[in-house]
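Heads up: the structure comes next, in structure tokens.
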Amino acid sequence: MYSLNVPVPGRVAALAADLARELPGAYDRRRGEHTLVVKRLGDDAPPAVLEARARELLADRPPFAVRVDGIDMFEEATTGSSPVIYLSVESPGLFDLHEYLCEYFDPLPEIEGDDYTPHVTLARDCEMAAAERLCERDVEPIEWVVDELSFLDAERSNEVGRVALG
């Protein structure tokens, strides 16, 4: 799967890594592996075609603000192991961009379109009681402006390019 993502700033990745340590036995993401998916672009066309189409659509899109402000979880993940504990994200601009891209790239059922929940995954597959305790914690909000997006090749787990906004 090829996707368009918000690069996660170091302070958000550090917070995610620190919090994940409180979930013994969970599968956690290492620093540098944290992502904030804007839109999955699919795998029905060559990556170069998907990237070129996305770049064309993003040519006039403005930068937008993002705020990480809490901890939450998906008790039952749509795919993969559960629960999924994550940093919650607030961003009207991110929602607008996701909605715009859904007009051109089909939304994946149950996770995109109206079901889109932007988040930065901390960990998955941990003891539910530990997840619930962590979700009760307050976190200091972190805000930043997104002025570029990255293309991620999920099959190879690596960033393959970036595109500037504005």
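For what it's worth, numbering that gives the first Met the number 0 labels the leading residue of the sequence shown as 0, then goes sequentially. All C-beta atoms in this analysis are idealised placements derived from N, C-alpha and C, irrespective of residue type, glycine included. Treat the numbers as computed from the prediction; the structure is a model and nothing was measured.
Item	Value
N-terminal and C-terminal residue of the beta strand (DSSP E) that His97 is part of	No beta strand (DSSP E) holds His97; the alpha helix (DSSP H) holding it covers Pro91 to Cys101.
Three-state secondary structure assigned by DSSP to Met0	coil
Exposed unless 16 or more other CB atoms sit within 10 angstroms - verdict on Pro6	buried
Three-way DSSP call (helix, strand, coil) for Asp68 in this model	strand
Proximity of Cys134 and Met72 at Cβ, strictly below 7 Å	yes
Cβ neighbour criterion (16 or more within 10 Å) applied to Asn157	exposed
Candidates Ala153, Leu107 and Ser90: closest to Val144 by CA position	Ser90
Val48 classed as buried or exposed, judged by whether at least 16 other C-beta atoms fall within 10 angstroms	exposed
Selected residue, minimal CA-CA separation from Leu22, among Ala122, Ala163 and Pro140	Ala122
Ala44, DSSP secondary structure in three states	coil
C-alpha distance - Asn4 paired with Ala128, whole-angstrom precision	31 Å
Cα-Cα separation between Ala53 and Ala19, rounded to whole angstroms	33 Å
Spatial distance of Pro82 from Thr120 (CA atoms)	11 Å
Terminal residues of the beta strand (DSSP E) in which Val11 lies	No beta strand (DSSP E) contains Val11, which is instead part of the alpha helix (DSSP H) from Gly9 to Ala19.
Given Leu151 as reference, the closest of Pro46, Leu14 and Ile141 once Cα atoms are compared	Pro46
Residue burial classification, Tyr103 (beta-carbon count within 10 angstroms, cutoff 16)	exposed
Environment of Val67 [buried if 16+ CB atoms lie within 10 Å]	buried
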